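Chemist: For the numbering used here, add 14 to where a residue sits in the sequence shown, where the first one is 1.
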Amino acid sequence: MRITGSGKLDPDFSKIPKQQQILGIVTEAALFIPGTTEWLLPRISPRCENCGGGHPFQVSMAYRPLLGGVVPLIKLAKSHHLMCTHCGETIELEAEEYHKIKGRLQEP
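Right, here's the structure in full:
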């Protein structure tokens, strides 16, 4: 616990180690808007920026589990990531970017 500026106790969740959950795989072709050559994620290159390959990306979520032992009841500080399945290069996704691609995920 830590004391905030208002003098109240505030739990320090940063001490809880992050866990990772693989959500699925997404291919380069699935990340284009259907019928166009427009990329769904303009901030991120359609090919891996590290190896230049057109390999699929693994989509994962990192979070801090709270309560529940093996199965967390609450997932705090969630972040979503794209990882190249060839070289392991990882890019953090903004929430809006994740919501654009989550319907295009294939089973891992």
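Glycine is no exception: its CB is placed at the ideal position from the N, C-alpha and C atoms.
These numbers come from a predicted model, not from an experiment.
1. Return the chain-ordered list of same chain residues with a C-beta closer than 8 Å to the C-beta of Ser74, the five sequence neighbours on each side being excluded.
2. Grouping DSSP H, G and I as helix and E and B as strand, with all else coil, what is Arg16?
3. Rounded to a whole number of angstroms, what is the C-alpha to C-alpha distance between Glu42 and Tyr77?
4. Verify whether the separation of the beta carbon atoms of Lys116 and Leu54 is less than 8 Å.
5. Under the DSSP definition of a beta bridge, which residues are partnered with Tyr77?
6. Whose C-alpha, out of His100, Pro79 and Thr99, is nearest the C-alpha of Leu90?
7. Using DSSP's beta-bridge definition, name the partner residues of Ser93.
8. Could you pull the DSSP bridge partners for Glu125 from this structure?
Modeler: In brief:
1. The residue labelled residue 74 in the question sits at position 60 within the sequence shown. Exclusion of the five residues before and after Ser74 leaves Gln34, Gln35, Ile36, Leu37, His94, His95 and Met97 as the residues of its chain whose Cβ lies within less than 8 Å of its Cβ.
2. Here residue 16 refers to the residue found at position 2 when the sequence shown is read from its first residue. Any reading at Arg16 needs caution, since the residue's pLDDT is 48, under 50, leaving its predicted position unreliable; the model's value is listed next. Arg16 falls in the strand class under three-state DSSP.
3. Taking the first residue of the sequence shown as 1, we reach residue 42 at position 28. Taking the first residue of the sequence shown as 1, we reach residue 77 at position 63. Going by the C-alpha atoms only, they are around 26 Å apart.
4. By 1-based counting over the sequence shown, the position of residue 116 is 102. By 1-based counting over the sequence shown, the position of residue 54 is 40. Not a contact, by the Cβ cut-off of 8 Å.
5. Numbered from its first residue, the sequence shown carries residue 77 at position 63. Its beta-bridge partners are Gln33.
6. The count along the sequence shown starts at 1 and reaches residue 90 at position 76. Closest option to Leu90, Cα to Cα, is Pro79.
7. Taking the sequence shown and counting its residues from 1, the one referred to as residue 93 is at position 79. Answer by DSSP bridge pairing, in chain order: Ala76.
8. No answer is possible for residue 125: it lies beyond the span of the chain, which begins at 15 and ends at 122.
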